[in-house]
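The listed protein sequences correspond, in order, to chains S and G. Its first residue numbered 1, the first sequence is counted upward by one per residue in my numbering. Its first residue numbered 322, the second sequence is counted upward by one per residue in my numbering. Beta carbons are placed, not taken as given, at the ideal position from N, Cα and C, and that holds for glycine. Since we're looking at a predicted model, the values are computed, not measured. A short worksheet on the structure shown next.
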Amino acid sequence: MSKILVVADTKGSDVRKPTLELLTKTRKAGLSTDAVVIGQGVQKNADLLAGNGAATVYVADDAGLAQFATAPYAAAIVDAAKQSGATQVWLSVGEMSKALGGALAVRLDGAFVSDVVELELKGDEVIATRPAMATKVLQRVTFAHPGIRIIAVRSGAFDAEPQPPKTAKVVALATPKGDERAKVKGLVAAQDAGELDLGEARIIVSVGRGVKGPEGVELVRPLAKALGAAFGASRAVVDSGWMPYSAQVGQTGRVVAPDIYVAIGVSGAIQHLAGMSGSKLIVAVNKDADAPIFSVADYGMVADLFKAVPIMIEEVAKHKQ
Amino acid sequence: MNIVVPIKSVIDVELNIRVQEGKIAKDGMSYIISKWDENAIEAALQLKEKHGGEVTVVSVGPDRASESLRKALAMGADKAVHVNDPAAEDSDSFGFAKILAKVAQRGPFDLIITGKQAQDTDMGGTGPILAELLGLPQVYNVIKLESDEPSTLKLNRLGHQGQEMVELKLPALIAANDSLNEPRLASLRGIMAAKKKPLDVLKLADLGLSPDEVGAKGARVRTLEFQPPKRRAAGKKFEGDAEEVTRKVMDLLANEAKIFA
Ligand SMILES: Cc1cc2nc3c(=O)[nH]c(=O)nc-3n(C[C@H](O)[C@H](O)[C@H](O)COP(=O)(O)OP(=O)(O)OC[C@H]3O[C@@H](n4cnc5c(N)ncnc54)[C@H](O)[C@@H]3O)c2cc1C
Ligand SMILES: Nc1ncnc2c1ncn2[C@@H]1O[C@H](COP(=O)(O)O)[C@@H](O)[C@H]1O
Chain S
1 MSKILVVADT KGSDVRKPTL ELLTKTRKAG LSTDAVVIGQ GVQKNADLLA GNGAATVYVA
61 DDAGLAQFAT APYAAAIVDA AKQSGATQVW LSVGEMSKAL GGALAVRLDG AFVSDVVELE
121 LKGDEVIATR PAMATKVLQR VTFAHPGIRI IAVRSGAFDA EPQPPKTAKV VALATPKGDE
181 RAKVKGLVAA QDAGELDLGE ARIIVSVGRG VKGPEGVELV RPLAKALGAA FGASRAVVDS
241 GWMPYSAQVG QTGRVVAPDI YVAIGVSGAI QHLAGMSGSK LIVAVNKDAD APIFSVADYG
301 MVADLFKAVP IMIEEVAKHK Q
Chain G
322 MNIVVPIKSV IDVELNIRVQ EGKIAKDGMS YIISKWDENA IEAALQLKEK HGGEVTVVSV
382 GPDRASESLR KALAMGADKA VHVNDPAAED SDSFGFAKIL AKVAQRGPFD LIITGKQAQD
442 TDMGGTGPIL AELLGLPQVY NVIKLESDEP STLKLNRLGH QGQEMVELKL PALIAANDSL
502 NEPRLASLRG IMAAKKKPLD VLKLADLGLS PDEVGAKGAR VRTLEFQPPK RRAAGKKFEG
562 DAEEVTRKVM DLLANEAKIF A
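Written as structure tokens, this is what we have:
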């Protein structure tokens with residue numbers, strides 16, 4: 001019998017939407033599902049996870065788990081997987097899912113596949129589809145090993161249909177063992193608490209080197225605000241220090257798939273496209289008609305962004321009235 | 322500080338990639354060191370320049386992998402190991418990690434630096450699996466590295482909540498993000514010197530591995546096929562006066578795409 005263990009993805013102490021996407025998928029497919037949530041102050045999410053389909057919710061709630069570290073997080077998941085009898089462990093793709101997935105593959109003697117965008121399931125026979133080579137190809141893979149299948153799914157692969165909380169069956173996990181050799185010392189620059197999370201936003205506005213500098217960034221920021229959008233950037237902008245690392249969209253930054261992605265002054269290099277071409281609707285502003293971003297844009301504006309953006313802001317205000 | 326850097330020779334993904342009958346067409350392709358692995362080499366060379374020691378580059382792959390290794394030697398690595406065995410081809414991340422673990426264990430080392438992911442697979446599993454197989458602590462997605470003393474690294478990684486600081490005791494494994502550094506180019510002198518540096522060629526048997534454990538046979542994750550990506554429906558592009566273009570598209574976004582609904 002197959003049994004899925006969904007690893008909840010949290011921001012602060014709150015469960016993020018990608019977790020509800022995974023639970024919606026297993027609930028609709030009628031798959032036997034448990035969940036595990038790890039962090040500090042995360043116990044409060046148990047009923048939400050139960051309401052969305054987790055039969056048992058395993059909780060590792062400890063001050064020492066406030067920040068991600070591979071060893072204790074992997075240890076908690078291994079504990080939960082063993083107690084639940086899971087045959088599959090599902091993670092949401094994030095900065096740390098690759099480290100975690102690899103570690104779990106060894107500790108659970110299973111196999112790991114990252115960046116999954118489609119899953120065909122027949123019990124534990126799994127066919128996963130994932131982009132490879134900077135999304136220039138799709139790779140269909142299967143598991144050729146009897147061990148646990150560890151699958152990291154990209155946000156947006158499944159739709160979330162959130163359900164109301166209900167009283168959970170909770171199992172508290174023993175505090176997992178950390179690794180003293182890798183000590184997380186804290187954050188260099190905390191994300192602005194007011195900022196919308198790129199991984200959860202319905203709309204993302206991103207800026208590229210075309211904005212020329214910090215003033216250009218500030219020209220575009222009100223557009224993101226007006227649209228209720230998260231604010232992202234290309235690597236060129238992040239490397240120039242105009243925006244923080246946490247804003248970087250692309251293969252080395254965040255991989256996102258919002259309903260609407262608005263690229264302003266971004267050329268559309270493959271590493272950037274690899275991070276956003278799964279968006280449902282793409283809008284681009286670029287003064288170069290041959291910019292590769294137009295090959296993925298549903299609506300392309302060949303225009304000077306310094307002229308276009310103020311008008312966009314004005315138009316958004318009009319339509320929002 | 323003795324550092325091992327696993328590097329993969331990959332198809333240059335900037336080229337036009339074609340799929341034929343479920344496989345990647347190999348004709349006309351050129352191969353490069355996977356970009357993030359170049360960042361790993363650079364980080365290793367900088368640590369060596371600071372603390373002394375040796376940098377060993379390792380690649381598992383067919384004949385062409387030796388070109389990537391020579392390039393790394395020309396950049397400044399001291400030794401290279403080439404695991405060239407047909408039975409190792411088509412390994413998955415777990416298989417490559419098993420082979421790399423055996424190579425690393427041939428001598429004492431303080432640090433292993435991998436790329437965050439290989440540009441052909443984009444999987445990102447090999448480094449983390451390798452660390453676990455060797456019982457090493459690991460830090461993934463490293464964007465900044467300082468080391469005042471050779472026993473400890475002070476790292477920033479791009480993590481879940483932004484830039485996180487981690488202090489790492491060696492021996493350990495880290496996986497490099499491309500923001501970590503700007504890889505150096507090989508100098509002419511470096512290229513000449515590389516010709517005289519040792520490049521060991523090994524078979525699986527030399528590492529005590531049987532062909533069933535790795536390669537296509539031992540793969541825990543098996544590729545069924547490759548497909549071309551799903552094409553997006555052709556979009557619309559508007560040119561002309563900036564104000565007209567902008568108002569036109571905003572109108573379409575509102576009334577056709579209904580983004581404000
Ligand atoms: C291993 C590796 C990983 C990478 N990872 C990432 C990643 O995660 N994310 C990422 O983004 N990149 C990544 N890159 C870098 C990528 O290759 C590009 O260099 C980068 O995306 C370029 O950023 P850009 O589009 O902002 O800048 P540019 O390529 O310089 O583009 C600027 C664009 O702005 C337009 N423009 C200029 N002025 C105006 C104006 N007044 N009005 C309108 N348009 C204007 C120009 O026509 C141009 O198209 C990676 C590269 C490598 C090798
Ligand atoms: N065949 C190989 N030879 C040497 N190093 C490899 C090989 N495959 C993967 N690696 C290393 O593991 C990293 C991640 O690979 P992957 O798991 O395929 O994304 C790469 O950046 C390399 O550092």
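- Assignment of alpha helix (DSSP H) within the segment 323-400 of chain G, counting only whole runs of 4 or more residues, yields 356-372 and 386-396 in chain order.
- Going by C-alpha positions, N45 of chain S is about 17 angstroms away from A76 of chain S.
- Chain order is used for the residues whose beta-carbon lies nearer than 5 angstroms to a heavy atom of ligand 1, namely S:G208, S:R209, S:G210, S:S234, S:R235, S:A236, S:G250, S:Q251, S:T252, S:G253, S:G265, S:V266, S:S267, S:A269, S:Q271, S:H272, S:N286, S:K287, S:D288, S:A291, S:D304, S:L305, G:K356 and G:D499.
- Every alpha helix (DSSP H) stretch that sits fully inside the segment 428-455 of chain G and reaches 4 residues is listed by chain position as 447-454.
- Remark: the C-beta of D358 of chain G is in contact range of ligand 2, defined as less than 8 angstroms to any heavy atom.
- In this structure, Q459 of chain G has its CB at a distance of at least 8 angstroms from all heavy atoms of ligand 2.
- Per DSSP, reduced to three states, the secondary structure at F306 of chain S is helical.
- For the pair of segments examined, the segment 480-500 of chain G was found to touch the segment 175-191 of chain S: the number of CB pairs separated by less than 8 angstroms reaches three.
- For N576 of chain G, the enclosing alpha helix (DSSP H) starts and ends at A563 to N576.
- Per DSSP, K25 of chain S is one residue of the alpha helix (DSSP H) stretching across K17 to K28.
- Nearest Cα to G39 of chain S within the set S:S13, S:A55, S:V7 and S:K25: S:S13.
- For R510 of chain G, the enclosing alpha helix (DSSP H) begins and ends at L509 to A515.
- At least one beta carbon of chain S lies nearer than 9 angstroms to the beta carbon of G445 of chain G.
- For D443 of chain G, the shortest C-beta to heavy atom distance toward ligand 2 is below 8 angstroms.
- Scanning chain G for C-beta atoms nearer than 7 angstroms to the C-beta of E95 of chain S yields N462, L479, G480 and H481, reported in chain order.
- Shortest gap from the CB of P327 of chain G to any heavy atom of ligand 2: under 8 angstroms.
- Restricting attention to S:L49, S:A50 and S:V36, the CA atom closest to the CA of D61 of chain S is found in S:V36.
- For the segment 57-85 of chain S, the beta-carbon criterion of a distance under 9 angstroms to any beta-carbon of chain G is satisfied by Q67, F68, A69, T70, A71 and A74.
- Of S:T135, S:V285, S:I150 and S:R254, the smallest CA-CA separation from R552 of chain G is found for S:T135.
- If you look at F231 of chain S, you'll find it in the beta strand (DSSP E) that goes A230 to A233.
- Within the chosen limit of 8 angstroms, ligand 2 does not reach the beta carbon of K524 of chain G with any heavy atom.
- Between G102 of chain S and G456 of chain G, the C-beta gap is not smaller than 9 angstroms, which leaves the two residues out of contact.
- Neighbours of E564 of chain G in chain S, taken as residues whose beta carbon is under 7 angstroms from its own, are K307 and I311 in chain order.
- In this structure, G:I450 is the residue among G:I450, G:D562 and G:Y461 with its C-alpha nearest to the C-alpha of D413 of chain G.
- Look at P504 of chain G: its C-beta is not under 9 angstroms from any C-beta on chain S.
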